[in-house]
Each structure stands twice: as C-alpha cells, then as structure tokens.
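J.:
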Amino acid sequence: MRVRVCAIVAVCGLAIVGVWLYLSGCDDDDPIGPVPAESYPVYFTDINDTTSFIYTPATGKIDSFHLPFAVRGMQSTANGRQLYITTLDSTMVFDIATGELSTYLSDGPRATYFSPDGKLMAVSGGDLTILRIADQSLVYFDTSTVYGGIFSADSKSFYGLTPVGGDGIVYRVSLDSGFAVTRKAFIGSVEEIIPSADESKWFLYKWVTAYHWQFEVYDVLADSIIFTKTFCPGYGWMALTPDNKYLFYTQPGPQFGGVDPCERPRTITVFDVNNNVIHSEIKVSSFYFFEGDSIPFDLPIGEVYVTPDGDWLVGLSCCGIGLFIALDINHLEIARHENVGTFRHMSCLTGPVAR
0 MRVRVCAIVA VCGLAIVGVW LYLSGCDDDD PIGPVPAESY PVYFTDINDT TSFIYTPATG
60 KIDSFHLPFA VRGMQSTANG RQLYITTLDS TMVFDIATGE LSTYLSDGPR ATYFSPDGKL
120 MAVSGGDLTI LRIADQSLVY FDTSTVYGGI FSADSKSFYG LTPVGGDGIV YRVSLDSGFA
180 VTRKAFIGSV EEIIPSADES KWFLYKWVTA YHWQFEVYDV LADSIIFTKT FCPGYGWMAL
240 TPDNKYLFYT QPGPQFGGVD PCERPRTITV FDVNNNVIHS EIKVSSFYFF EGDSIPFDLP
300 IGEVYVTPDG DWLVGLSCCG IGLFIALDIN HLEIARHENV GTFRHMSCLT GPVAR
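Residues 0 to 354, numbered by numbering that gives the first Met the number 0, are exactly what the sequence shown covers, in order.
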C-alpha cells in the first residue's frame with residue numbers, strides 16, 4: 000500500500016548540479032482578488048516553501064499567495080472559493096477572495112473531500128466522518144481508516160481506499176440507501192479509484208509488484224475486470240472528464256536515484272471510456288539551458304486535474320523543477336508550458352469539482 004501524501008520530498012534525476020533551468024517566474028499579485036467561478040481556477044503548493052499558487056488554465060494567469068506554515072495537504076471546496084489546508088497538526092480554511100485564514104480542526108491533520116453538489120464534506124484521519132456543510136451536522140461515521148476519497152458525480156456515494164493486509168482495497172458507502180458499505184479487494188494494491196459518472200465502472204490505479212503497476216476498468220454489474228494495462232514505472236495519478244469521455248493517467252515513476260528496469264515514458268495516457276480502449280499517449284516535452292544550449296528533455300507529469308467544464312487538464316511535473324502544463328482536452332494537445340520558479344516542488348493539485 001502506497002498512501003498518497005502530497006508532501007513527499009522528491010529528487011528528480013534530471014536536476015543535475017550545474018544545470019540552470021530556464022524559468023520565467025510567475026505573476027505574484029497581492030492582495031488576491033476574487034476569482035470568477037467560471038474561470039475554474041486550479042490550486043497547488045510548493046511543499047518545500049510556504050508559497051501556493053492559483054492558476055487559470057483558460058487564460059494562463061498565475062497568482063500566488065503565502066501561508067504562515069508548510070502545506071501538507073490541500074483540497075478545494077466544490078465551488079473553488081475556499082481551500083481546506085492540512086498542516087502537521089491541524090486543518091485550516093483559506094478564503095480565496097478575502098485571504099482570510101481560520102482554523103477548522105486543531106486535533107491533528109485531516110484530509111477533506113467535497114461533494115459535487117456542494118452539500119457534503121468528508122473528513123478522514125484514522126476514521127471517516129461525512130458532514131452536511133450547511134450546519135456541520137453528522138451524516139455518516141465509520142471508525143475505518145479511509146483515504147484517497149472521492150464522491151460520486153451525483154453526490155450519493157462516497158468512495159475511498161482502506162488498508163487490509165498491507166494493500167489498499169476499495170471502500171464505498173451509499174449515502175441514499177441505508178449507508179450500505181462495500182469493501183472490494185483486487186489483485187494488487189489499489190492506490191486510486193475514480194467511479195464513472197453512473198458508477199457502472201470503477202477506474203483503478205494499482206500497484207502490483209515492485210516495478211509493475213496497472214490501470215484497470217472494473218465493471219460493477221458484471222463484477223469483472225474489462226480492461227487491464229500493465230506498465231512500469233507507475234506512481235501516477237488519474238483524472239476523468241465530466242462528460243465521462245476520457246480518463247487520463249500518468250506514470251512518472253518514483254522520483255529518486257537508482258536503477259530500475261522501467262522504460263520511463265514521459266506521457267499522459269488518454270483512455271476512451273465509451274469504447275474501452277486507449278485512445279492515445281501524449282508525450283510531454285520541455286527544455287533546460289546548460290552552458291548556453293537549450294537541451295530538450297521529456298517531462299514526467301505526476302498529479303493531474305480536469306476543470307469542471309471539461310476543457311482543460313492541468314498536470315504538474317513531479318521532479319521539483321517548477322514546470323507544469325495545460326492540456327487542451329478538446330484537441331488533446333498541450334496548449335501551454337508554464338513554470339513557477341526554479342526547483343519548486345509542486346504538489347497538492349486541486350480545484351473546484353462543480354460547474
């Protein structure tokens with residue numbers, strides 16, 4: 000089981016001493032003004048600093064803000080107007096429009112997840128609590144350890160992962176039919192789950208062996224795996240378009256030194272959900288300057304996020320060099336290569352989940 004924590008200090012094999020990356024910096028406007036909901040902002044942080052960023056892929060605008068602590072987790076509310084931020088010992092709430100910071104929980108770090116209808120939130124950290132946002136009343140509680148949470152598109156189910164025998168298995172609770180709980184194990188350790196819009200399929204990202212990972216599609220009604228792709232090195236993330244057309248996944252590999260047998264493709268895989276096939280693989284390239292030369296290299300993308308309008312995918316480089324991309328989903332082309340400064344280690348990618 001590889002518990003996903005966004006604050007993992009990593010060293011990229013491409014970050015060679017003496018190499019100066021060409022990075023143009025970012026628009027560091029303060030104070031932060033209100034971000035129109037229709038712009039669908041994206042948020043992420045530098046886990047080696049106290050700086051976090053707001054990026055609008057539709058315009059390419061980058062803003063930044065600073066917090067008085069290191070971020071260890073960050074989740075946007077459904078409308079994208081607040082961030083619930085995990086620190087080493089608490090959970091804080093940051094208001095984007097006003098810049099106000101307040102304490103939500105002070106009894107230790109908790110992960111938070113928000114339903115697309117904006118009515119529910121799940122809080123996990125040793126147990127699972129689902130609350131009604133309007134009055135913070137209790138909807139559901141389970142003593143089970145649940146992580147990697149996500150609500151269904153209709154907000155009527157909550158999914159996550161729970162550890163059993165060292166592996167991650169799928170956890171699902173139905174919020175509209177007696178809180179029935181399903182626990183489903185698969186071969187290998189499930190590291191991320193995304194349900195399809197109608198919940199008829201589960202998209203699984205699994206760790207199978209030391210070097211081998213799998214992307215799988217599970218048919219719920221047939222109780223069978225209907226697609227499997229094994230690859231190396233894995234260690235990636237997934238994102239589903241709101242229209243349920245494409246599922247994207249990455250495979251950047253672990254970002255530390257050493258030799259492994261993987262080919263290390265620097266691609267974003269596009270899976271065609273309706274036809275149950277891989278549509279394409281999008282290669283992500285960038286460059287750095289060394290001794291006056293511009294040297295191209297393939298950029299490993301880790302965390303990915305799709306905007307609620309389905310127009311944009313934002314992908315963060317996973318090797319601490321401050322680069323990220325905005326992919327035009329309608330054309331399946333990388334529209335922008337962006338950066339936020341030399342050797343920044345970006346993580347905790349999040350954004351609104353409702354249109």
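Ideal Cβ positions, reconstructed from N, Cα and C, are used throughout, including at glycine.
Taking the C-alpha atoms as reference points, what is the distance between C261 and P251?
T.: Between C261 and P251, the C-alpha separation is close to 10 Å.
J.: How about I277 and G314: do their beta carbons lie closer than 8 Å?
T.: Result no, Cβ atoms of I277 and G314 do not sit closer than 8 Å.
J.: Under three-state DSSP, which class holds S38?
T.: Three-state DSSP puts S38 in a helix.
J.: What would DSSP say about G167, mapped onto helix, strand or coil?
T.: It is a strand residue.
J.: Determine the direct distance from the alpha carbon of P295 to that of L130, and round the result to whole angstroms.
T.: For L130 and P295, the distance between alpha carbons rounds to 48 Å.
J.: Grab me the residues of N47's own chain with a C-beta within less than 6 Å of its C-beta, minus the 5 sequence neighbours each way, in chain order.
T.: Excluding sequence neighbours, N47 sits near H344.
J.: Nearest chain C C-beta to R71 closer than 8 Å, yes or no?
T.: Among the protein chains of the structure shown there is no chain C, as only one such chain exists.
J.: What residue ranges within the segment 215-260 form continuous beta strand (DSSP E) runs of no fewer than 3 residues, ordered along the chain?
T.: Runs of the beta strand (DSSP E) inside the segment 215-260: 223-230, 237-239 and 245-249.
J.: Could you pull the start and end residues of the beta strand (DSSP E) that R182 belongs to?
T.: Element bounds for R182: V180 to K183.
J.: To which residues does DSSP link T296 through a beta bridge?
T.: Strictly speaking, residue 296 in this sequence is Phe, with Thr absent from that position. In DSSP, F296 forms a bridge with S285.
J.: For the beta strand (DSSP E) containing P56, name the first residue and the last one.
T.: Run containing P56: none; DSSP gives neither H nor E here.
J.: What separation, rounded to the nearest whole angstrom, lies between the Cα atoms of A96 and T229?
T.: Those two C-alpha atoms are separated by around 44 Å.
J.: Using a 10 Å radius around the Cβ and a threshold of 16 neighbouring Cβ atoms, would you call P33 buried or exposed?
T.: Unreliable positioning characterises P33 in this predicted model, as indicated by a pLDDT of 44, which lies under 50. The coordinate reading is nonetheless provided below. Its Cβ having fewer than 16 others within 10 Å, P33 is exposed.
J.: Do you know offhand how far T181's Cα is from T341's?
T.: The straight-line gap from Cα to Cα measures roughly 45 Å.
J.: Please state whether DSSP places I192 in a helix, a strand or coil.
T.: Strand at I192.
J.: Less than 7 Å between C-beta atoms, sequence neighbours within five positions excluded: which residues of the same chain meet that for S154?
T.: Counting only Cβ-Cβ distances below 7 Å, and skipping sequence neighbours, we find S114, P115, D116, K118 and L119.
J.: Mark I193 as exposed unless 16 or more other C-beta atoms lie within 10 angstroms of its C-beta, in which case mark it buried.
T.: Its Cβ being crowded by 16 or more others within 10 Å, I193 is buried.
J.: Does the pairing of the segment 297-309 with the segment 237-246 give three or more beta-carbon distances under 8 Å?
T.: Yes: the two stretches touch, three or more of their Cβ pairs being nearer than 8 Å.
J.: Here's a check: name, in chain order, each residue in its chain whose Cβ is nearer than 7 Å to the Cβ of L87, leaving out the five neighbours to either side.
T.: Counting only Cβ-Cβ distances below 7 Å, and skipping sequence neighbours, we find R71 and P108.
J.: Give the range of the beta strand (DSSP E) segment to which V207 is assigned.
T.: Neither: V207 is in no beta strand (DSSP E) and is coded neither H nor E.
J.: Just mark K282 as buried or exposed, buried being the case when its beta carbon has 16 or more other beta carbons within 10 Å.
T.: Answer is exposed; the Cβ neighbour count stays below 16.
J.: From D62 to T49, what distance separates their C-alpha atoms?
T.: Cα to Cα, D62 sits roughly 14 Å from T49.
J.: Between which residues of its own chain and A184 is the CB-CB distance below 6 Å, once the five residues before and five after are set aside?
T.: I168.
J.: Please name the residue, chosen from A334, Y139 and I53, that lies closest to G98 on a Cα-to-Cα basis.
T.: The shortest Cα separation from G98 among A334, Y139 and I53 belongs to I53.
J.: Buried or exposed for T142, going by 16 or more other Cβ atoms inside 10 Å?
T.: By the 10 Å Cβ count, T142 comes out exposed.
J.: Please classify Q213 as buried or exposed, where buried requires at least 16 other C-beta atoms within 10 Å of its C-beta.
T.: Q213 comes out buried.
J.: Are the beta-carbon atoms belonging to Y83 and G350 less than 8 Å from one another?
T.: The answer is no: Cβ separation not under 8 Å.
J.: For S279, count neighbouring Cβ atoms within 10 angstroms of its own Cβ and tell me buried if that reaches 16, exposed if not.
T.: Flag for S279 reads exposed.
J.: Using the rule of at least 16 other Cβ atoms within 10 Å of the residue's Cβ for burial, across every protein chain shown, is A6 buried or exposed?
T.: For A6, the predicted model reports a pLDDT of 39, less than 50, meaning its position is unreliable and no value from the coordinates is stated.
J.: Would you kindly check if the distance between the Cβ of S199 and the Cβ of L174 is under 8 Å?
T.: Contact: no.
J.: Between D166 and K205, what straight-line distance do the alpha-carbon atoms span, to the nearest angstrom?
T.: Going from the Cα of D166 to the Cα of K205 covers about 10 Å.
J.: Answer with buried or exposed for E302, where buried requires no fewer than 16 other C-beta atoms within 10 angstroms of its C-beta.
T.: Result: buried.
J.: Going by the beta-carbon positions, is the gap between D259 and Y304 smaller than 8 Å?
T.: No, they are not a contact pair.
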